[in-house]
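Numbering (my numbering), first residue to last: 2 to 74.
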């Protein structure tokens, strides 16, 4: 499945030092997934002793990543 990154998440990735590999790990093999109130999904993945939260939604045959954050920062 193809992954599309919004401009917003690209900025967050740069500021928070989150790599595309980190995002892909959270999307392909999440530790936990939750449905949000806006009918998006939050994927959580423990990476390097930190918890990454990636918010995304499915559109046709791709995943659109909206934002990402290290929890606890």
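Note that beta-carbon positions come from the ideal geometry of N, C-alpha and C, so glycine has one too.
No experiment lies behind these values; they were computed from the predicted model shown.
By how many angstroms is the C-alpha of residue 53 removed from the C-alpha of residue 18? Locating residue 18 in the chain shown gives position 17, counting from the first residue. Locating residue 53 in the chain shown gives position 52, counting from the first residue. Cα to Cα, residue 18 sits roughly 11 Å from residue 53.
For residue 36, count the other beta carbons within 10 Å of its own beta carbon; 16 or more makes it buried, fewer makes it exposed. Which is it? For the purposes of this step, residue 36 is taken as residue 35 along the chain shown, with counting starting at 1. Burial call: exposed.
If you reduce the DSSP assignment to three classes, tell me which class residue 35 lands in. Along the chain shown, one-based indexing puts residue 35 at 34. In the structure shown, residue 35 falls within a strand segment according to DSSP collapsed to helix, strand and coil.
Count the other CB atoms, across all protein chains shown, that sit within 10 Å of the CB of residue 46; report buried if there are 16 or more and exposed otherwise. Working through the chain shown from its first residue, we reach residue 46 at position 45. With 16 or more Cβ atoms within 10 Å of its Cβ, residue 46 is classed as buried.
Classification of residue 23 by the beta-carbon crowding that lies within 10 angstroms, buried from 16 upward: The residue you call residue 23 lines up with position 22 of the chain shown. It counts as buried.
For residue 49, the three-state DSSP class (helix, strand or coil): Here the question's residue 49 lines up with position 48 in the chain shown. Residue 49: coil per DSSP, three-state reduction.
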